[in-house]
Each structure stands twice: as structure tokens, then as C-alpha cells.
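Everything in the sequence shown is counted per the UniProt record's numbering, starting at 1 for the first residue and increasing by one. The beta-carbon is built from N, C-alpha and C at its ideal position, and this holds for glycine as well. Keep in mind it's a predicted model, so treat the numbers as computed, not measured.
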Amino acid sequence: MERIIAARIRDVIENKLTPQQSGFRPGHSTLDQLLHLRAALTRPTPDSRTGAAFVDYAKAFDTADHDRIVSAMREMDIPPHIIRWSASFLKGRQAKVRVNFKSSPLMLFHRGVPQGTVLGPLMFIIAMNTLSKRLSQVPLLFHGFFRR
């Protein structure tokens with residue numbers, strides 16, 4: 001079921017994602033962003049200065065806000081029944097951690113996208129697309145999102 005939902009979401013969002021979003025997208029790669037970076041570094045600027053900042057979002061998958069993901073899905077016109085299914089997929093996730101044959105108490109997750117799933121990375125890039133769109137509005141700022 002998850003793969004079917006992911007395919008439907010991809011069909012809706014693919015042309016709505018910013019071109020700077022390369023992570024977890026078929027036909028896109030880190031190489032795309034490196035080529036953009038190289039072009040920016042070799043492009044002459046009025047004062048011949050170029051800067052670059054590389055940001056690693058620590059715990060990015062673990063801290064993604066569920067409400068923000070659902071809101072971003074609405075903004076991208078994903079059908080309501082798929083948004084409801086996706087919200088249900090995110091909410092109420094529980095886990096235990098076992099170390100040396102001892103289990104922790106059951107923990108409820110209120111944030112984050114499930115890792116090791118088909119939908120996790122897709123939900124993450126949906127949430128990041130809003131930031132990417134805002135960064136695109138900053139004059140002379142080039143940015144890219146990609147996975148390591």
C-alpha cells in the first residue's frame with residue numbers, strides 16, 4: 001500500500017518540487033547540485049566574490065514536524081484522501097529500544113518521518129520544498145538539497 005501511495009504522491013508533486021531538490025528523486029542526483037555549484041563558482045560576479053555554505057540538517061528525518069508535512073501536502077494539492085492516509089501513517093508511531101536483551105518502555109513519536117520506509121524520504125522532501133521555495137526568492141542565492 002505504501003508504494004502505491006508514494007507513486008500517487010510523486011505523480012502530483014514532481015512538477016511542483018523546486019529544481020534545487022535533488023535528494024530522493026528519480027533522475028536527480030548530488031552531481032546535479034555539484035554542477036550548479038561549479039557553475040556558480042566559475043560565473044563572474046560584479047565584485048568577483050562567491051560564497052558557499054553547506055548545511056547538514058542533524059537528525060533531519062527524526063525532527064520533521066508532522067503538521068508541517070501535512071500542511072505542505074495540502075499546499076501541493078495532494079488529494080485529501082492521500083493526505084489523510086499519510087497523516088495516519090505518521091501519527092501514533094511507537095517503538096522500543098532493546099540493548100543487551102533489555103527493552104526500553106514503549107515510546108510514542110510525535111515528530112519525524114519513519115526511516116527505512118518508502119514514504120519517509122518523500123515526506124521529508126515535501127516538507128523541505130517550502131524552505132527551498134523561500135530560498136529561491138533570495139536574490140543571488142543558489143542552493144540545493146541532496147542526500148549524502
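Run through DSSP, which three-state label would residue i get?
i: residue 88; result: helix
i: residue 43; result: coil
i: residue 102; result: strand
i: residue 25; result: coil
i: residue 107; result: strand
i: residue 33; result: helix
i: residue 112; result: coil
i: residue 17; result: coil
i: residue 77; result: coil
i: residue 71; result: helix
i: residue 118; result: coil
Give the straight-line distance between the Cα atoms of residue i and residue j, rounded to the nearest whole angstrom.
i: residue 86; j: residue 113; result: 11 Å
i: residue 3; j: residue 105; result: 31 Å
i: residue 139; j: residue 121; result: 29 Å
i: residue 11; j: residue 24; result: 14 Å
i: residue 103; j: residue 36; result: 47 Å
i: residue 84; j: residue 100; result: 38 Å
i: residue 31; j: residue 132; result: 18 Å
i: residue 63; j: residue 116; result: 15 Å
i: residue 26; j: residue 46; result: 36 Å
i: residue 134; j: residue 14; result: 18 Å
To which residues of the same chain is residue i closer than 6 Å at the C-beta, ignoring the five residues directly before and after it?
i: residue 16; result: 76
i: residue 39; result: none
i: residue 97; result: 104
Tell me which same chain residues have a C-beta within less than 7 Å of the C-beta of residue i, skipping the five on either side of it?
i: residue 89; result: 119
i: residue 9; result: 78, 82 and 122
Tell me which residues share the same chain as residue i and place their Cβ nearer than 8 Å to its Cβ, disregarding the 5 neighbours each side in the sequence.
i: residue 108; result: 92, 93 and 94
i: residue 6; result: 118, 119 and 122
i: residue 110; result: 66
In the DSSP assignment, find the beta strand (DSSP E) that holds residue i and state where it starts and stops.
i: residue 93; result: 93-95
Residue range of the alpha helix (DSSP H) that residue i falls in?
i: residue 61; result: 60-63
Using a Cβ-Cβ distance cut-off of 8 Å, determine whether residue i contacts chain E.
i: residue 134; result: No chain E is present in this structure, which holds just one protein chain.
Any contact between the segment 127-136 and the segment 58-78? By contact I mean 3 or more CB pairs, one from each, below 8 Å. yes
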